[in-house]
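Chains A and B, in that order, are what the protein sequence lines are. Heads up, the first sequence is in the working numbering, so the first residue is 1 and it goes up one at a time. Heads up, the second sequence is in the working numbering, so the first residue is 1001 and it goes up one at a time. Some notes on the structure that comes next.
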Amino acid sequence: MNDTPALMLDCMLHRVGNFRLGPLSLVIPAHAWFMLLGPSGSGKTTFLRLLAGVIPAPSGAIRLGDRDLGPLPPEARRVAYVSQHGDLFPHLTVAENIAFGLHFKPLSRSARADQVHRLLHLFGIAHLASRRAANVSGGEGRRVAIARALAPEPALLLLDEPFGMLDPNGRTELQDCLAGVHRELGTTTLHVTHDREEAWTLGTRCGVLLDGQLVQEGTVERVFRRPASRAAARFLGALNILPASAFGGPADRWGMLRPEHISLAPIGKPGTVPAVITAIRDRGNLVEIEARPESGAPALRLHADWQQARPYQPGARIALHWNPEHVVVWEEPCHE
Amino acid sequence: MHRNPPSPLVRRLLPLLLFASHTGLHIMLGLAGWIEPFELFNLMLLTVGAVLCLLVLTERADYFMGMAAMFLIAAHALIGHHLAPDALTSGAILVVNLLTVYAGYHIFEALPLRYGLAFAVSYALLFELFIRRMSHAEPLFMLALMGLAATGRRFRMLACFWALVLAFTVCQPYAWETALLFLLILPAVFSARASVRNPVARAGLLAGLAFLSALMLPVLVLILAQTPQSIAAVLEAPDARDALLLTVGTATLATLILAVFGIPLAYALSRLSFQGKTLVLTLMDVPIVIPQSVAGIALLMVFGRTQPLGSALLNQFGLTLDGALPGIVLAQVFVALPFMIKPALAAFDAVPPSLELAARHLGANAWGAFGRLTLPLAARGLFLALVLAWARAAGEFGAVYFMTASPAVAPIAVFNRFERVGLTETAPLVAVILLFSLVLFFVLQCVARVIPTLHAPEGDLP
């Protein structure tokens, strides 16, 4: 993977009524799979529609490779957009759906057939080729929609919650399938979702969009480990978001400490915090222990595996230990 | 159905009592001169009664059936010849009644009570209809009883039976037409199903179909009244043929004009929102709302050759509208306009804009998305719009009459002929037009079914 930028946004700004999207500045490297995370109503879909040219060009620049997308109509952008519904053409077969975009390129009939054939196999839907698009299942429909979008070899693929309305198994299968396709084709992809898990399995980079503002952008690892703000951390599902004093930080700042960075230690060991277990919750593959430090600080949550947690009951005394480097402290002032 | 058998003594006494009263009444009524005691037929009935009595006593016949047969025979022997015109008829009715009792007994025995009740009520109604109302139509009554015996076991069959009986008795002048309508309605009503039993919808269906068939009756009567000769005579008459050809030609031209201007307008109305859109949509309905004659006069006031615009057209382009073919087409375009626009609008509305957008993202420009996606998906609706507009244009009388009464299109030709020669002579021409329209409409509907729509055909499912 090289780092030549594929998509460059410079101060892109769009207003709808009271809602303001941007100003957004963002660079997505070529061949990256960029996850844009955000809760419902944060402007994710609007963002994609702006890039796809559905909504007229906003102020600020959008560049794709060496082209300025601003004045271009949707069909000239080489941006493929897969909406939440897939929008398959119901009167055409799966193969005809995939071939649709190829009719507008100067391709020979055999080149067109080859491309369709390649995508059908890449997405594992060759057996559906002659079935009508109206008669494929949800997961199959998603594959067809994405295969159709990739057929004209777009410079940028926009995915709007591609796993919405799929059951967990279908979701996992499609994720694996898409990861394979991306390895093969390397199309720069901007994937919008509110599902945090998807970011881990697919994304190489990730951004957090809150209320129309891109609050953080970076590698998936970094965004999850070090959320840029309390709001971002909250959306990313972080636990233990507390006044930083709870972790031994400054009292007038907010901070967080990920549960997996807190460990159980022998009672009385120096540098540990004595605490009392207030609750134990079985989360399936791990156990969440909630413990209140004896100093009177707010309760902390930590994760333990099932074996580790077995000896403990609510009310038991334990000692907590963490490395102060793992504590995240934000600049937001905390008045408590 | 399970009945408690009477005690053995009663079982033995009853047939004997029945036979004894038959014999006793035979003798007494014979002495009184009410019946002929030595008539062969009456003696035969007495003998059959005796044989039946023996069979029942020795339990070689079904008890109930035997008793019923004995009772029927006794009744017919004693009073039958006073109800029926002669002994032979009475005997024939006796045989049919035996058959009816046999069928009715099995229905009571094997089926839920409502079947038995329907059977009994049907019998009473048939008696009322044929014997009392139609004053002794015994042969018909017997025929009907055999029909009843054959159909009583299923409500669907019974309903068809009654449909035929009513069609050929009460609805006599239009027997075939009503029979045809009944036989169209009944299968629909009996095959109507809902996932949850819904008597309201079913009652609505029955009432609605009855109403519909009452309205369709004139159409059927008109068609069925014609013979091939009368239709051939119409087709050979040059004026009728000319009128038909003229109608087909002008209506087709009017539909083409509407297609060229109406389909783009419908697409625009479906996809764009603009100031005054509601007003435009309301204006579309004007040709439906105003009376045809008013439309004709309004057109004449603008396009007539003495009016400013009409005379300008005549002088500049040599185009005459009123009293000429262009006038016919203009009037047809005017009245058929909403029948083109509204279904076309609905057809375009049914194609989600998101699909068009998907096509744009795949590289199709607006024309490509329209041509490759929207048009094929709306095709069936658009075709139906064309059919409706054509039918409306071809059927227009009032507006065309004011613009161009001659040469006469088919509706005007019908009117002229009616004025000249009256109802009987006009009927064949009307029937031809009607048949022509119906066949054409039917064929076009079938064609429309072949055109793919948004919804895949059911047969395509995996």
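Every residue, glycine too, gets a C-beta built ideally from N, C-alpha and C. A quick note: this is a predicted structure, and the numbers were derived from the prediction, not measured.
Spatial distance of residue i from residue j (CA atoms)
| i | j | result |
| --- | --- | --- |
| leucine 1158 of chain B | methionine 1065 of chain B | 23 Å |
| asparagine 1042 of chain B | asparagine 1198 of chain B | 55 Å |
| valine 1447 of chain B | leucine 7 of chain A | 50 Å |
| tryptophan 1367 of chain B | arginine 131 of chain A | 27 Å |
| isoleucine 262 of chain A | glutamate 332 of chain A | 23 Å |
| glutamine 1292 of chain B | glycine 1395 of chain B | 11 Å |
| threonine 1374 of chain B | proline 1338 of chain B | 21 Å |
| phenylalanine 100 of chain A | arginine 1372 of chain B | 9 Å |
| proline 39 of chain A | isoleucine 318 of chain A | 37 Å |
| aspartate 252 of chain A | cysteine 334 of chain A | 5 Å |
| alanine 1408 of chain B | glutamate 96 of chain A | 51 Å |
| leucine 1205 of chain B | phenylalanine 1155 of chain B | 17 Å |
| aspartate 114 of chain A | threonine 1247 of chain B | 53 Å |
| glutamine 1445 of chain B | leucine 1438 of chain B | 10 Å |
| leucine 1273 of chain B | glycine 70 of chain A | The identity of residue 1273 of chain B in the sequence shown is serine, whereas the question assumes leucine. Cα to Cα, serine 1273 of chain B sits roughly 24 Å from glycine 70 of chain A. |
| leucine 9 of chain A | leucine 190 of chain A | 13 Å |
Closest by C-alpha distance to residue i, when choosing among the options
| i | options | result |
| --- | --- | --- |
| proline 106 of chain A | B:Val1430, B:Ile1093, B:Ala1061, B:Gly1363 | B:Gly1363 |
| alanine 1399 of chain B | B:Val1294, B:Tyr1115, B:Leu1078 | B:Val1294 |
| proline 1139 of chain B | B:Ala1110, B:Thr1374, B:Pro1085 | B:Pro1085 |
| lysine 44 of chain A | A:Arg63, A:Pro56, A:Arg20, A:Leu64 | A:Arg20 |
| leucine 1148 of chain B | B:Trp1162, B:His1136, B:Phe1190, B:Ser1135 | B:Trp1162 |
| leucine 1143 of chain B | B:Arg1132, B:Thr1100, B:Trp1034 | B:Thr1100 |
| leucine 1113 of chain B | B:Phe1127, B:Ala1124, B:Leu1126, B:Arg1153 | B:Arg1153 |
| glycine 1262 of chain B | B:Phe1370, B:Met1284, B:Thr1278, B:Gly1276 | B:Met1284 |
| arginine 138 of chain A | A:Cys11, A:Ile146, A:Met165 | In the sequence on display, residue 138 of chain A carries glycine and not arginine. For glycine 138 of chain A, the nearest C-alpha among the options comes from A:Met165. |
| arginine 225 of chain A | A:Gly124, A:Glu325, A:Gly22 | A:Glu325 |
| proline 270 of chain A | A:Thr193, A:Arg310, A:Leu320 | A:Leu320 |
| leucine 1321 of chain B | B:Pro1308, B:Leu1300, B:Glu1236 | B:Leu1300 |
Residue(s) in a DSSP beta bridge with residue i
| i | result |
| --- | --- |
| glutamine 213 of chain A | A:Leu210 |
| serine 1191 of chain B | Answer is none; serine 1191 of chain B lacks a bridge partner. |
| histidine 321 of chain A | A:Ser263 |
| glutamate 1036 of chain B | In DSSP, glutamate 1036 of chain B forms no bridge with anything. |
| phenylalanine 100 of chain A | According to DSSP, phenylalanine 100 of chain A bridges with nothing at all. |
| leucine 1018 of chain B | Answer by DSSP bridge pairing: none, since leucine 1018 of chain B is not bridged. |
| glycine 218 of chain A | A:Cys206 |
| histidine 127 of chain A | Histidine 127 of chain A is not bridged to any residue. |
| tryptophan 33 of chain A | A:Thr189 |
| leucine 21 of chain A | A:His14 |
| glycine 333 of chain A | Reading off the sequence shown, one finds proline at residue 333 of chain A, where the question assumed glycine. Partner(s): A:Arg253. |
| isoleucine 289 of chain A | A:Ile280, A:Leu302 |
| alanine 338 of chain A | Outside the displayed range of chain A (1 to 336) lies residue 338 of chain A, so it cannot be described from this structure. |
| leucine 26 of chain A | A:Leu9 |
Own chain, CB closer than 7 Å to residue i, minus 5 neighbours either side, in chain order
| i | result |
| --- | --- |
| leucine 1224 of chain B | Trp1176, Glu1177 |
| alanine 199 of chain A | Met35, Leu37, Cys206, Val220 |
| leucine 1098 of chain B | Ala1069, Leu1072 |
| tyrosine 1102 of chain B | Met1065 |
| glutamine 216 of chain A | Gly207, Val208, Val223, Pro227, Ala228, Ala232 |
| glycine 1459 of chain B | Note that glycine 1459 of chain B has pLDDT 39, beneath the 50 cutoff, so the model's placement of it is unreliable and no number is given. |
| alanine 1405 of chain B | Ile1412 |
| asparagine 2 of chain A | With a pLDDT of 48 at asparagine 2 of chain A, under the threshold of 50, the modelled position of this residue cannot be trusted; read the value that follows with caution. Here the set comprises Ala30. |
8 Å Cβ shell around residue i - same chain, five flanking residues per side excluded
| i | result |
| --- | --- |
| proline 250 of chain A | Ala244, Val329 |
| threonine 1255 of chain B | Ala1336, Met1340, Leu1386, Ala1389, Trp1390, Ala1393 |
| serine 1021 of chain B | Ala1074 |
Partners in chain A for residue i, counting only beta-carbon separations shorter than 7 Å
| i | result |
| --- | --- |
| arginine 1360 of chain B | Pro74, Glu75 |
| serine 1354 of chain B | Ser83, His85, Asp87 |
| glycine 1368 of chain B | Phe104 |
| leucine 1373 of chain B | Phe89 |
| leucine 1377 of chain B | His91 |
Residues of its chain near residue i, where Cβ-Cβ distance is below 6 Å and the 5 sequence neighbours each way are ignored
| i | result |
| --- | --- |
| glycine 1030 of chain B | Pro1037 |
| serine 1270 of chain B | Leu1345, Phe1348, Asp1349 |
| valine 1432 of chain B | Ile1231, Val1234 |
| leucine 210 of chain A | Ser42, Ala231 |
| valine 1351 of chain B | Thr1374, Leu1377, Ala1378 |
Beta-carbon neighbours of residue i, restricted to chain B and to distances below 9 Å
| i | result |
| --- | --- |
| valine 54 of chain A | Leu1357, Arg1360, His1361 |
| glycine 101 of chain A | Ala1359, His1361, Leu1362, Gly1363, Ala1364 |
| arginine 148 of chain A | Ala1358, Leu1362 |
Cross-chain neighbours of residue i in chain B, by beta carbon under 8 Å
| i | result |
| --- | --- |
| valine 79 of chain A | His1361 |
| proline 152 of chain A | Leu1362, Gly1363 |
Neighbour list for residue i in chain A, Cβ cutoff strictly below 9 Å
| i | result |
| --- | --- |
| leucine 1384 of chain B | Under the 9 Å cutoff, chain A gives no residues; its nearest Cβ is about 17 Å from leucine 1384 of chain B. |
Minimum Cβ-Cβ distance from residue i to chain D less than 7 Å
| i | result |
| --- | --- |
| valine 79 of chain A | Going by chain labels, chain D is absent from the structure shown, which instead holds the protein chains A and B. |
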